[in-house]
Amino acid sequence: MLLSAKFSKPVVLCDNEECVRMASSLKESMNTSVDPCDDFHKYVCGRWPESHPIPDGDLSQNWLSERQTRLLRRIPDLMTQNFIELRPEVPRAVKEAQIMYFSCLDVRAQYKLGLEPLFDLLAELGLPQVPRQIISSQDDANEVFVKQMARVKRLLWSDMFFGLEVRADPRNNRQKLLMLYLPDREHTPFPRDRSVLEEEDLNRDSKSSNETFSAMEKLYLVELLKQIVGNGTSDSLYSCKSPKKVDNSTMAKMTDLVDQVVNFAGVTKKINSRYANKSSDFSHEPEEVDDADYMLLDELQRLTDEYVRSVNKSIVPRPLWRPFVEELLRGLEVDFDPAQQKVYVGDLEFLQEIALVLSSTDEQLLETMVWWRVVVHCVQHTSWGLRRIWNILVKDKTGLGQRKARSIHCSESVNELMGMAVAWLFAEPAFSPDHVAEMLENIKRSFADFVLKDIDWMDESTKLATLEKIRKMKSLVGFPDWLFEDGRLDEYYDGINITKDTYFDNMLQIVRAKNIKTLMNLSKNDTNDNWFLDPITVNALALVPTNLIEIPIGILRFPFYGLGLEALNYGAMGSVLGHETTHGFDVDGRHHDSAGNLKQWWSNETIARYTTKATCFVEQYDDYYLPEIDKYVNGKLTLGENIADNGGLRQAYEAYRIWKSKHGDEPLLTGFSNFTHEQLFFLSYAHMWCDSLTDDGLLIWISQNSHCPGRVRVQQVLRNSEHFSRAFSCPLGSPMNPKNKCQLW
Numbered sequence: 017m018l019l020s021a022k023f024s025k026p027v028v029l030c031d032n033e034e035c036v037r038m039a040s041s042l043k044e045s046m047n048t049s050v051d052p053c054d055d056f057h058k059y060v061c062g063r064w065p066e067s068h069p070i071p072d073g074d075l076s077q078n079w080l081s082e083r084q085t086r087l088l089r090r091i092p093d094l095m096t097q098n099f100i101e102l103r104p105e106v107p108r109a110v111k112e113a114q115i116m117y118f119s120c121l122d123v124r125a126q127y128k129l130g131l132e133p134l135f136d137l138l139a140e141l142g143l144p145q146v147p148r149q150i151i152s153s154q155d156d157a158n159e160v161f162v163k164q165m166a167r168v169k170r171l172l173w174s175d176m177f178f179g180l181e182v183r184a185d186p187r188n189n190r191q192k193l194l195m196l197y198l199p200d201r202e203h204t205p206f207p208r209d210r211s212v213l214e215e216e217d218l219n220r221d222s223k224s225s226n227e228t229f230s231a232m233e234k235l236y237l238v239e240l241l242k243q244i245v246g247n248g249t250s251d252s253l254y255s256c257k258s259p260k261k262v263d264n265s266t267m268a269k270m271t272d273l274v275d276q277v278v279n280f281a282g283v284t285k286k287i288n289s290r291y292a293n294k295s296s297d298f299s300h301e302p303e304e305v306d307d308a309d310y311m312l313l314d315e316l317q318r319l320t321d322e323y324v325r326s327v328n329k330s331i332v333p334r335p336l337w338r339p340f341v342e343e344l345l346r347g348l349e350v351d352f353d354p355a356q357q358k359v360y361v362g363d364l365e366f367l368q369e370i371a372l373v374l375s376s377t378d379e380q381l382l383e384t385m386v387w388w389r390v391v392v393h394c395v396q397h398t399s400w401g402l403r404r405i406w407n408i409l410v411k412d413k414t415g416l417g418q419r420k421a422r423s424i425h426c427s428e429s430v431n432e433l434m435g436m437a438v439a440w441l442f443a444e445p446a447f448s449p450d451h452v453a454e455m456l457e458n459i460k461r462s463f464a465d466f467v468l469k470d471i472d473w474m475d476e477s478t479k480l481a482t483l484e485k486i487r488k489m490k491s492l493v494g495f496p497d498w499l500f501e502d503g504r505l506d507e508y509y510d511g512i513n514i515t516k517d518t519y520f521d522n523m524l525q526i527v528r529a530k531n532i533k534t535l536m537n538l539s540k541n542d543t544n545d546n547w548f549l550d551p552i553t554v555n556a557l558a559l560v561p562t563n564l565i566e567i568p569i570g571i572l573r574f575p576f577y578g579l580g581l582e583a584l585n586y587g588a589m590g591s592v593l594g595h596e597t598t599h600g601f602d603v604d605g606r607h608h609d610s611a612g613n614l615k616q617w618w619s620n621e622t623i624a625r626y627t628t629k630a631t632c633f634v635e636q637y638d639d640y641y642l643p644e645i646d647k648y649v650n651g652k653l654t655l656g657e658n659i660a661d662n663g664g665l666r667q668a669y670e671a672y673r674i675w676k677s678k679h680g681d682e683p684l685l686t687g688f689s690n691f692t693h694e695q696l697f698f699l700s701y702a703h704m705w706c707d708s709l710t711d712d713g714l715l716i717w718i719s720q721n722s723h724c725p726g727r728v729r730v731q732q733v734l735r736n737s738e739h740f741s742r743a744f745s746c747p748l749g750s751p752m753n754p755k756n757k758c759q760l761w
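Residues 17 to 761 (this note's numbering) make up the sequence shown, in order.
Here it is in structure tokens:
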């Protein structure tokens, strides 16, 4: 095995700051006692967990999360400095982000307000302060639950029983329309603790399909009711109000109500899971949008009514779709006429089943389900009593006795809520995207060359259409062009007025303004150049419906970029760029043409051959065994990302060769002078995916994440790479160079 090269001329080493940093990190993480042809992940990352321990309360650690945390830890210093010393003109929005940060820190002010902000929100939504079952109200609801549900969507963007989004028309992405489909159950309007979200994922995976809440969670719901019914904060450090005592009769009603809520949630969970699983099968995805998927709201109501009556003639169907949308858009200057304009229905059968459930359920219980959703969203951010109950649940779920520093929580919150204003503090006005743009052009050229010269499963017309899509692919790099233009940042956050002692209302203002802006977009033609990610996000993104990729400044840093040598840059960031580019041609992306519109632009023969090659990846990844949890990787769940990983690496490697042909040889890496540039490329790629997971973290990852764990992204991708096998002279049949390989792009 050759791990070195012979040189006929003096060796030139790169020993600048970037190269030294990368070399040091590699030395620290590598376990050179491992044969790289046996396990390249252990070879490169074998000692990485020793110097990058999993933080308390987390289930995993990797470069993406570690670098993101490091950026967030800079926010407190930025928020406490004198902005005038930073730059002469500071936008009002940045100053409001600072006030937002300090209002988050001021828990004393939050506790003094107690439950008042929550009760004000419930009143605004037309919901009772306490569920009507608790106070034995037999009156009909003053508000139809459909309208309450619409207000919750408008104010908090939270889906209840079905999902609604303002999205680009699949057939014409410059036009916006309303889309109805499965609910997004993961969205939360306000910032939440990441460790708690991870544990919720774990609990969701470990429960049976019939189980919705643990015993502890049921107790938690009862305790929430007790606090709200009693309307007290007796255990607050800053209030002497005493809660009303809850009598036995009321307690029995609360326990019964929680049981009803849990049972109803179980019914809707089963429906959601069944249709979510159905939609995840790539082999049954339609090639084009059906005309029947576009319909008027009244037509949708007729179809769901017919279904309800066909199941049980005694059930009276509830008016759902038009009342919901009319309430959602009420008072807004939005050009939407329900009698004329159609909505896009993502899954009619799902909506029919939900309509049956909603039509056969008591109105009071439906109202209470809406009430619960609002309260659970808000509980972390209200009185000390509710927060204490929340903390007990968190400790039960995560085992955490100590919460993260408030400053870190507030850093995450202000970045999540006002990410563009925070980015103004991080970004440099003089930043140039030119180098990344050059890398992208080389990536696209290598992709196009591969399509022209190496692909034998595409017919010529499909090849030409593929080349056009590659050529037209757009990119956003760094941060929005308008970020430092006078007045633009303030305009972006127009309509909010942040105050120092009302953290909950501050969050609500920002969320409300964002949601109203989203609804107002229904009347606007889209230029498809809007940023989706906040600029300090340590990640990248492919927006397949617009044929665009985003590369924020957050990821343009060590260990992904700025590594001193192009071999290292292309191994890491080049593979990221190739990954996002390939998403335009994965099992989802291939359905979208060069403009991003959903249509069949491949021939049937090409689609059949593609599906066969994609199945190779499914079967290959299905065979990857994880002994510590006694489970296999889910090849279908991860298929799109696996195709992007494999294609992205190949494109990045060829793109580096293109760069090298233009610029010539570059120095070798200090401390690694016996490694060729090709070997450094693969070291950088593997180093980027070093990670560490607990068994619980790994279980969550493979059950719900569409990306494979780092070890799989290294081993399986490199096993498919002939470039890697040649670079490290791995014998055919060795663990890292199997005879059977999969390739698409």
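In this text, a Cβ means the ideal position worked out from N, Cα and C, and glycines have one as well.
- Counting C-beta pairs with one atom in each stretch, the region 348-359 and the region 539-556 have three or more that are closer than 8 Å, which means they touch.
- Taking Leu-194 as reference, the option from Asn-585, Asn-431, Ala-624 and Gly-362 with the minimal CA-CA separation is Gly-362.
- Looking at the backbone, the Cα of Pro-643 and that of Arg-673 are separated by about 38 Å.
- In chain order, Leu-143 and Pro-147 place their CB closer than 6 Å to the CB of Trp-387, counting only its own chain and leaving out the 5 sequence neighbours on each side.
- Here the C-alpha atom of Leu-714 lies approximately 35 Å from the C-alpha atom of Ala-453.
- Non-local C-beta neighbours of Leu-441 in its own chain, meaning closer than 6 Å and more than five positions away in sequence, comprise Leu-94, ordered along the chain.
- The C-alpha of Phe-698 lies about 6 Å from the C-alpha of Gly-587.
- Counting the other Cβ atoms within 10 Å of the Cβ of Ile-151 gives fewer than 16, which makes it exposed.
- Between the region 642-657 and the region 496-514, the count of C-beta pairs closer than 8 Å stays below three; the two stretches do not touch.
- Pairing Asn-522 with Ser-41 gives a Cβ-Cβ distance that is not under 9 Å.
- For Leu-468, the enclosing alpha helix (DSSP H) begins and ends at 450-469.
- Annotation: the continuous alpha helix (DSSP H) that includes Pro-133 extends over 132-140.
- Per the DSSP secondary-structure output, Glu-181 pairs in a beta bridge with Met-195.
- About 6 Å separates the beta carbon of Val-390 from that of Leu-138, a gap short enough to meet the 8 Å contact definition.
- Here Gln-356 is exposed. Its C-beta has fewer than 16 other C-beta atoms within 10 Å.
- Boundaries for Pro-551: no beta strand (DSSP E) harbours it, and the DSSP string shows neither H nor E there.
- Remark: C-beta atoms of Ala-109 and Asp-506 approach each other more closely than 9 Å.
- Closest by C-alpha distance to Arg-190, out of Val-733, Asn-288, Glu-621 and Leu-614, is Leu-614.
- Between the region 512-522 and the region 122-133, the count of Cβ pairs shorter than 8 Å is three or higher; the stretches touch.
- Close CB contacts of Leu-374 within its chain, under the 7 Å cut and outside five residues either way in sequence, are with Phe-177, Arg-334, Leu-336 and Leu-382 (chain order).
- By the Cβ criterion, the region 547-563 is in contact with the region 473-491, since at least three pairs of Cβ atoms, one from each stretch, lie closer than 8 Å.
- When the alpha-carbon of Asp-465 is set against those of Arg-318, Tyr-323, Gln-616 and Gln-667, the nearest one is in Gln-667.
- As for any beta strand (DSSP E) of minimum length 3 sitting wholly inside the region 564-638, the runs are 564-568, ordered along the chain.
- DSSP, read as helix, strand or coil, puts Ala-556 in coil.
- Bounds of the beta strand (DSSP E) holding Leu-709 are 707-709.
- Along the length of the region 290-337, whole alpha helix (DSSP H) runs at least 4 residues long occupy 313-327, reported in chain order.
- Spanning the alpha carbons of Asn-279 and Val-160 requires a straight line of approximately 22 Å.
- Using a Cβ distance threshold of 9 Å, Gly-749 and Gly-664 do not count as a contacting pair.
- In this structure, Leu-129 sits away from Asn-531, with a CB-CB distance that is not shorter than 9 Å.
- Collapsing the DSSP output to three states places Val-730 in a helix.
- Annotated three-state conformation of Arg-190 is strand, per DSSP.
- With contacts defined by Cβ atoms closer than 9 Å, Glu-596 and Ala-556 form a contacting pair.
- Only residues of its own chain outside the window of five on either side were considered, and among them His-57 have a CB closer than 6 Å to the CB of Arg-727, listed in chain order.
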